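Just so you know, we're using this note's numbering here: the sequence shown kicks off at 606 and counts up by one. Each residue gets a CB set at the ideal place from its N, CA and C atoms; glycine is no exception. Every value quoted in this text rests on a predicted model; they were computed, and no experiment measured them. Note sheet for the following structure.
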Amino acid sequence: MEKLNALKGFKDLLPGESEKWEWVASAVRKTFHAFGFSPIRTPILERTRLFTRSIGETTDIVEKEMYTFEDWDGKPVTLRPEGTASVVRAFLEHRHQILALPAKFYYQGPMFRHERPQAGRLRQFHQVGAEIIGEIDPEQDVELLSLLSYFFQRIGISDLTLEINSLGCTVCRPPYRAALQGYFGAQLDTLCEDCNRRFHQNPLRILDCKKESCKAITTDAPASANHLCQECDAHFKAVQEGLSSLKLPFVISKHLVRGLDYYTKTAFEMTTQNLGAQNAVAAGGRYDGLVEALGGASTPAIGFAMGMERLMQLLPESDIRYSALQLFIVPLGEAAHQHVFPVLYDLRRKNIRSEIGKSGAALKKQMKQADRLNAAFVLIVGEQEMEMGKAVLRNMKTKEQVEIELFNLLEGVIAQISP
Ligand SMILES: [Zn+2]
Ligand SMILES: [Zn+2]
């Protein structure tokens, strides 16, 4: 019989890895909550038109990568390839219920794109994103960027670079496009086929081309930040001043672009040197034109999305913060077992993930079990320890050991192992 394995590009998340995902998800909830964002859960399936309108008919996502099929009524539906369109759709649909602007949402969940499953590219991948809808003030850009910076700091990922740029607006974009066409026009023979198409449709996207021959030409192309209108220029300066006031480091990346027309003003990426060529961990920007493009009143907005799979690659594989088990209790002999078994229940009620070994099993065998379960700490209670009224707590990573009084076992253990 044919084996019923998962589809190509789709992946099971198993224990050992799934705890790490849950730990990050919990850090997302705590951090985004503190920054004033509320969770939003939108359906995974939407009308195809939502994405063709928001992402653009001529993008790779819409042309080649969407999971689109006919619903039972014959109308085309699509598994969401990204999160922003659905959030904006929900914002518009429930606009009358949303009293306070700006509306601040965050989401985490699966997205679907039919990509060639090369290294690290899944067809069901996961994103965390945040959107601020209804405010043009550059302070919102700074708030969003401070959230992003702090989040990575909180989960312990350092050596990231915040790159920012400004893409201008409907006033200053056309002259910038013209400047780009002026620059690239003389070098069309050297640009790749895709870039020749982009030259007419959207020359900004040439700046994003991954082909080495195009990249070489791009280096000296005009920068959007030098073509900003007065309003966009003031906005960009205010964002930089705001970041500096929070002591958040950033660099201006003069050719950082977003491929879609509704992106305006601030664009940004969080990049790392530790993932090879695919170096953006998070990306976003201001999209003041999207709400209107989806049929709403002109409404400014800004947001970002980060890829969970890439983020996971940057975290250590096993870590005490999300290792499978916090404490493994090793009782040696029946008396020891009877003494510590109620403590196991108490620990669990204190949210400390704990297991206990078999009382009849030898020390070596129980320690092996603790290792298999990836226990952060082991509590050893043997006959000798019982007599002395003490148990031994061992940190499995540092191999350090401390003695804990038996009469105060629960408090003693918690004081040692709670981070
Ligand atoms: Zn402008
Ligand atoms: Zn190219």
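When DSSP labels each residue in this structure, what does residue i get in the three-state scheme?
i: Lys995; result: strand
i: Lys870; result: strand
i: Gly672; result: Checking the sequence shown, residue 672 turns out to be Tyr, not Gly. It is a strand residue.
i: Phe710; result: strand
i: His731; result: strand
i: Thr823; result: helix
i: Pro936; result: strand
i: Glu648; result: According to the sequence provided, residue 648 is Pro. The question's Glu does not apply to it. DSSP places Pro648 in coil when its eight states are reduced to three.
i: Leu853; result: coil
i: Val682; result: strand
i: Phe804; result: helix
i: Leu619; result: coil
i: Ile925; result: coil
i: Met972; result: helix
i: Met606; result: coil
i: Gln758; result: helix
i: Ile1022; result: helix
i: Phe642; result: coil
i: Leu865; result: coil
i: Glu846; result: helix
i: Leu920; result: coil
i: Thr663; result: coil
Bridge partners for residue i per DSSP, in chain order?
i: Gln1006; result: Arg999
i: Ser771; result: Thr871
i: Ile985; result: Val935 and Val997
i: Gly900; result: Answer is none; Gly900 lacks a bridge partner.
i: Phe909; result: Ala735 and Gly889
Shortest alpha-carbon distance to residue i belongs to which of the options?
i: Gln792; options: Ser763, Ile703 and Ile822; result: Ile822
i: Phe841; options: Glu817, Thr871 and Leu848; result: Thr871
i: Thr766; options: Pro827, Glu744 and Ile857; result: Ile857
i: Ile769; options: Glu698, Val862 and Pro648; result: Val862
i: Glu720; options: Lys669, Val633 and Glu1016; result: Lys669
i: Leu750; options: Val1018, Asn1013, Ile957 and Leu853; result: Leu853
i: Arg654; options: Pro686, Ser923 and Gln835; result: Pro686
i: Glu651; options: Gly661, Lys1002 and Glu675; result: Glu675
i: Thr1003; options: Ile925, Ala843 and Leu920; result: Ile925
i: Thr876; options: Cys837, Pro905, Leu916 and Gly734; result: Leu916
i: Gly773; options: Lys973, Glu846, Gly890 and Gly962; result: Gly890
i: Ala888; options: Met913, Thr775, Leu895 and Asn879; result: Met913
i: Ser659; options: Tyr927, Ser903, Ala975 and Leu895; result: Leu895
i: Gly787; options: Glu798, Ala941 and Asp825; result: Asp825
i: Pro743; options: Phe789, Leu865, Tyr892 and Gly938; result: Tyr892
i: Ala906; options: Val747, Asn884 and Cys800; result: Val747
i: Gln729; options: Lys613, Gln974 and Glu939; result: Lys613
Report back the beta-carbon spacing between residue i and residue j to the nearest angstrom; my notes put them in contact at under 8 Å.
i: Ser771; j: Ser829; result: 6 Å
i: Gly908; j: Ile737; result: 7 Å
i: Tyr672; j: Phe717; result: 5 Å
i: Ile1031; j: Leu932; result: Outside the displayed span of the chain (606 to 1024) sits residue 1031, for which this structure offers no information.
i: Ile741; j: Leu684; result: No, Ile741 and Leu684 are not in contact; Cβ-Cβ is about 33 Å, not under 8 Å.
i: Ala941; j: Ser964; result: 7 Å
i: Leu706; j: Gly679; result: Not quite, the Cβ-Cβ distance comes to about 38 Å (not below 8 Å), so this is no contact.
With 9 Å as the threshold, decide whether the Cβ of residue i is near any Cβ in chain D.
i: Ala996; result: Protein chain content of the structure displayed is limited to a single chain, and chain D is not contained in it.
At least 3 beta-carbon pairs within less than 8 Å: the stretch 632-646 vs the stretch 767-783: At 8 Å Cβ cutoff, the stretches do not touch.
Three or more C-beta pairs below 8 Å linking the stretch 627-635 and the stretch 690-703: The answer is no - the stretch 690-703 does not touch the stretch 627-635, with fewer than three Cβ pairs under 8 Å.
Inter-stretch contact at 8 Å, needing at least 3 Cβ pairs: the stretch 678-697 / the stretch 888-904: The count of Cβ pairs closer than 8 Å, one atom from the stretch 678-697 and one from the stretch 888-904, reaches three, so the stretches are in contact.
Cβ contact (3+ pairs, closer than 8 Å) linking the stretch 948-955 and the stretch 976-983: Because the criterion of three Cβ pairs below 8 Å is not met, the stretch 948-955 and the stretch 976-983 do not touch.
The stretch 805-818 touching the stretch 831-845, judged by at least three CB pairs closer than 8 Å: Fewer than three Cβ pairs drawn from the stretch 805-818 and the stretch 831-845 lie within less than 8 Å of each other, which leaves the two stretches out of contact.
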